Amino acid sequence: SLMQFYGNALLEYNNQQIRVLPPSGRQDPERTSVGMEVTGRQGEIYPVSYTMVKHDGEWLVRNVIINGINIGKLFRDQFADSMQRNNGDLDKTIDGWGEVVARARDTEAGQQAAGDD
């Protein structure tokens, strides 16, 4: 699931530095971006941007962009592809969503392992 995907990413965090960047641009009382820089284990810096929206008086995360990868768009595209493969059957798509995320995680793990050579 999406929560497992983000949860696994958070488990990789091991006391590296996170710096919240000052706000930039026009401030909107209902929508904002929060920029951060996460320092990796070898000192590499990864930009992270959270798009936040205010809903019923509470701030909610709408999207996350990590090192230029739009996570929200990635998942929307994967979901749309799964819907198409399931002939528009929403229940079947949701039932199989865990497998889609697992395949994405396995693909990324394989790419990371190949990069370690």
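Numbered by the working numbering, the letters in the sequence shown go through residues 2 to 118 in order. Cβ coordinates follow ideal geometry from the N, Cα and C atoms, glycine included. Fair warning: this is a prediction, and the values are worked out from it, not measured in the lab.
In the DSSP assignment, D29 is bridged to R32. For R42 and D90, the gap between their C-alpha atoms comes out near 43 Å. For L61, there is no enclosing alpha helix (DSSP H); the enclosing beta strand (DSSP E) has its first and last residue at 59-67.
Of the residues assessed, T40 falls on the exposed side of the cut-off, its CB having fewer than 16 other CB atoms within 10 angstroms. The Cβ atoms of N64 and T52 sit closer than 9 Å to each other. Shown here, R104 sits in a helix according to DSSP, grouped into three states. The Cβ-Cβ distance between V21 and V35 falls below 9 Å.
For K93, same chain residues with a beta-carbon under 8 Å away, outside a window of 5 residues either side, are N87 in chain order.
Annotation for R20: no alpha helix (DSSP H) segment contains it, though the beta strand (DSSP E) segment containing it runs 19-21. When the Cα atoms are used, R27 and I46 turn out to be separated by approximately 26 Å.
In the DSSP secondary-structure assignment, N71 is bridged to I66.
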